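Working notes for the structure below.
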Amino acid sequence: FMTSYSLNAVVIALYGIALGGVVTVISITTLELVGEKTYPTGLGIVLAASGIANTAGAPIAGYFRDISGSYTYSVLSGTGATLLASFIFTWAMIYQRRHGDDPRSRFNMEIDVQARRKSRRRSSILPWRKSVDLGFAL
Numbered sequence: 061f062m063t064s065y066s067l068n069a070v071v072i073a074l075y076g077i078a079l080g081g082v083v084t085v086i087s088i089t090t091l092e093l094v095g096e097k098t099y100p101t102g103l104g105i106v107l108a109a110s111g112i113a114n115t116a117g118a119p120i121a122g123y124f125r126d127i128s129g130s131y132t133y134s135v136l137s138g139t140g141a142t143l144l145a146s147f148i149f150t151w152a153m154i155y156q157r158r159h160g161d162d163p164r165s166r167f168n169m170e171i172d173v174q175a176r177r178k179s180r181r182r183s184s185i186l187p188w189r190k191s192v193d194l195g196f197a198l
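Quick note: the sequence shown uses our numbering, first residue 61, plus one each step.
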């Protein structure tokens, strides 16, 4: 699967860069999905699920390696789990935007109000809002 050390190092570096992006955006997207009122509970659930998955992932990958004699199935199962989680998260965002009571959360409304006032003061919530929204435009 990975035949050279340098290829493995490149893949690990790219994975680390991508994981850094996920860590920085997870609290913002959780706030978008659950709103300000239930944000602490929502973030707790997200972090608990992440902790459980990270704790269970290594033994499961080791089991696949033991029964197959190769790391291929370990990597493929991890990839499948990541794709499934991405699908569920994307579905939740689409569902919330289409069927939510108010598609614009209080978080978005605060930023919109400040933008309409055309104040010179930058938003303390998320000054780079427009560039982040491009990734989640549905």
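Backbone N, C-alpha and C define an ideal beta-carbon position, used for all residues, glycine too. It should be emphasised that the depicted structure is a prediction, and the values quoted were computed from it without experimental measurement.
For residue i and residue j, what's the separation of their Cα atoms in angstroms?
| i | j | result |
| --- | --- | --- |
| Tyr65 | Ala73 | 12 Å |
| Gly95 | Ser130 | 44 Å |
| Ile86 | Asp126 | 33 Å |
| Pro163 | Trp151 | For Pro163, the pLDDT reaches just 49, beneath the cut-off of 50, and the residue's location in the model is therefore unreliable, leaving the point undetermined. |
| Thr142 | Ile77 | 16 Å |
| His159 | Ile148 | 16 Å |
| Gln156 | Thr63 | 43 Å |
| Asn114 | Ile88 | 21 Å |
| Ser128 | Thr98 | 44 Å |
| Asp193 | Gly111 | Any reading at Asp193 is ruled out, since the residue's pLDDT is 43, under 50, leaving its predicted position unreliable. |
| Val82 | Ala108 | 16 Å |
Could you check how far apart the C-beta atoms of residue i and residue j are, in whole angstroms? I think they sit under 8 Å.
| i | j | result |
| --- | --- | --- |
| Gly102 | Leu93 | 7 Å |
If the criterion is Cβ atoms closer than 8 Å, does the pair residue i and residue j meet it?
| i | j | result |
| --- | --- | --- |
| Val106 | Thr90 | yes |
Exercise. Between the region 115-126 and the region 135-145, do three or more beta carbon pairs fall short of 8 Å?
Worked result: Result yes; three or more Cβ-Cβ pairs closer than 8 Å.
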